[in-house]
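**Q**
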Amino acid sequence: MATKYYIRQGGFSDLKATGSIYEQTIGRSSLFEILFPGHQAEPEPFTKWVRRLFWKRYWSLGYSLKVLVATDENDGPGKRQAQASEKLVGFTWWVRPAESMSFYERWISPNAWACYTMGTLIKYLNLFFPVAGLDFGPLAATNRIFDPITDGLRNTPRRRSAWFLSAICVDPKYQGKGLGKMLLLNGLSEADRAGVATWIIGLAGVEDFYTHHGFVEAGRVNVEDFEAWDGGSVMFRE
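Taking my numbering, I'd label the letters of the sequence shown as residues 673 to 910.
(1) Check each candidate in E879, R831, R816 and name the one with the smallest Cα separation from V895.
(2) By Cβ distance, which residues of its chain are closer than 8 Å to Y678, with the 5 residues on each side in sequence left out?
(3) Between W731 and L687, which are expected to be in contact by the criterion C-beta below 8 Å, what is the C-beta distance as a whole number of angstroms?
(4) Got a sec, what are the start and stop residues for the alpha helix (DSSP H) Q681 sits in?
(5) How is R909 classed by DSSP in three states: helix, strand or coil?
(6) Just mark L799 as buried or exposed, buried being the case when its beta carbon has 16 or more other beta carbons within 10 Å.
(7) Are the segment 857-873 and the segment 761-776 touching by the rule of at least three beta carbon pairs closer than 8 Å?
(8) Taking the C-alpha atoms as reference points, what is the distance between G852 and Y882?
(9) What is the residue span of the alpha helix (DSSP H) that G809 lies within?
(10) Among F898, A839, R865, Q696, which one has its Cα closest to the Cα of V878?
(11) Can you check which of these residues, A834, W901, Q847, D897, is closest to V868 by C-alpha distance?
(12) Only counting the same chain, and skipping five residues up and downstream in sequence, which positions put a Cβ closer than 6 Å to that of L707?
(13) Along the chain, where does the beta strand (DSSP E) containing G891 start, and where does it finish?
(14) How many angstroms separate the CA atom of A713 from the CA atom of L733?
(15) How would you call W785, buried or exposed, if buried means at least 16 neighbouring beta carbons within 10 angstroms?
(16) If contacts are defined as beta-carbon pairs under 8 Å, then I698 and L875 qualify, I think. What distance do you get, rounded to the angstrom?
(17) Which one or two residues does DSSP pair with A839 in a beta bridge?
(18) Rounded to whole angstroms, what is the Cα-Cα separation between P820 and G891?
(19) What is the residue span of the alpha helix (DSSP H) that W727 lies within?
(20) How big is the Cα-Cα spacing for I780 and K849?
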């Protein structure tokens with residue numbers, strides 16, 4: 673029985689599965705030991721935070737979720753049987769900056785209004801019912817430290833309009849099959865068709881992978897409070 677993989681646009685119903693994969697991969701990286709020390713010992717607050725993070729991303733303009741699905745080729749006839757055999761095994765979050773969006777997309781489109789409405793609801797949810805059990809101090813420091821560095825590196829019109837690969841994750845059980853490459857190339861193909869550059873902030877040990885696909889390191893964000901982080905390379909593909 674052969675397993676096939678395909679990529680499709682992610683929906684709201686995919687957020688639980690993608691959040692679980694995020695926790696098993698990026699959530700266990702050295703970065704998150706700095707952001708939320710000890711979160712793996714008591715995972716429930718972190719799981720709740722990831723859930724709300726993904727809600728916010730899904731209802732934020734510019735964010736795009738793509739999911740990688742595994743399906744068994746010979747599971748029997750019928751659409752229902754085929755759907756039952758599907759398993760979500762990876763995903764990407766890409767972010768298009770305002771410079772890459774039209775006036776219609778940002779202000780007039782139905783999606784813009786939906787994002788504004790849902791984003792406001794999520795904002796008040798976090799305000800009145802915050803996630804307990806996590807120290808958000810280190811997370812708040814990312815904006816203070818990362819943003820000035822990345823803003824300084826995005827110093828040309830092409831870089832300012834570049835799409836940002838915010839996350840790329842593959843279920844640990846399915847790693848080593850080239851699926852991360854499949855996800856990356858899918859996003860890069862879309863960026864190439866749109867005529868835009870792309871960029872990342874990499875975790876530890878990913879530089880060679882991204883260099884192989886045309887990315888070049890322009891700087892690093894593992895400074896100050898994040899000096900202990902072994903990742904942090906800012907790489908552009910122009």
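C-beta: ideal position from N, C-alpha, C; glycine also.
**A** Inspection of the coordinates gives the following:
(1) Sequence index remark: in the sequence shown, residue 895 carries index 223 (1-based). Answer by Cα proximity: R816.
(2) Counted from its first residue, the sequence shown places residue 678 at position 6. So the qualifying residues of the chain are L740, V741, T743.
(3) Position 59 of the sequence shown, counted from the start, is the residue given in the question as residue 731. Position 15 of the sequence shown, counted from the start, is the residue given in the question as residue 687. Not confirmed; about 10 Å, so no contact.
(4) Working through the sequence shown from its first residue, we reach residue 681 at position 9. Unbroken run through Q681 is the beta strand (DSSP E), 675-681; no alpha helix (DSSP H).
(5) Within the sequence shown, residue 909 is the residue found at index 237, counting from 1. R909 falls in the strand class under three-state DSSP.
(6) If you number the sequence shown from 1, residue 799 lands on position 127. Its Cβ having fewer than 16 others within 10 Å, L799 is exposed.
(7) yes
(8) Walking along the sequence shown from the start, residue 852 turns up at place 180. Walking along the sequence shown from the start, residue 882 turns up at place 210. When rounded, the distance between both Cα atoms is 11 Å.
(9) By 1-based counting over the sequence shown, the position of residue 809 is 137. Note, G809: alpha helix (DSSP H), 809-825.
(10) Within the sequence shown, the letter at position 206 stands for residue 878. Comparing Cα-Cα distances from V878 to each of F898, A839, R865, Q696, the minimum goes to A839.
(11) Residue 868 sits at position 196 when you count from the first residue of the sequence shown. The shortest C-alpha separation from V868 is found at A834.
(12) As a first step, residue 707 must be located in the sequence shown, where it is residue number 35. These residues qualify, in order along the chain: P810, L811.
(13) Residue 891 sits at position 219 when you count from the first residue of the sequence shown. Where G891 is concerned, the enclosing beta strand (DSSP E) stretches over 888-892.
(14) For this step, residue 713 is matched to residue 41 along the sequence shown. For this step, residue 733 is matched to residue 61 along the sequence shown. About 34 Å.
(15) In the sequence shown, residue 785 corresponds to position 113, counting from 1. Exposed.
(16) Counted from its first residue, the sequence shown places residue 698 at position 26. Counted from its first residue, the sequence shown places residue 875 at position 203. I698 to L875, Cβ: 7 Å. Contact.
(17) The residue labelled residue 839 in the question sits at position 167 within the sequence shown. W765, per the DSSP bridge assignment.
(18) Locating residue 820 in the sequence shown gives position 148, counting from the first residue. Locating residue 891 in the sequence shown gives position 219, counting from the first residue. Approximately 12 Å between the Cα atoms of the pair.
(19) Here the question's residue 727 lines up with position 55 in the sequence shown. That run of the alpha helix (DSSP H) goes 715-730.
(20) Taking the sequence shown and counting its residues from 1, one reaches residue 780 at position 108. Taking the sequence shown and counting its residues from 1, one reaches residue 849 at position 177. Rounded to the nearest angstrom, the two C-alpha atoms are 42 Å apart.
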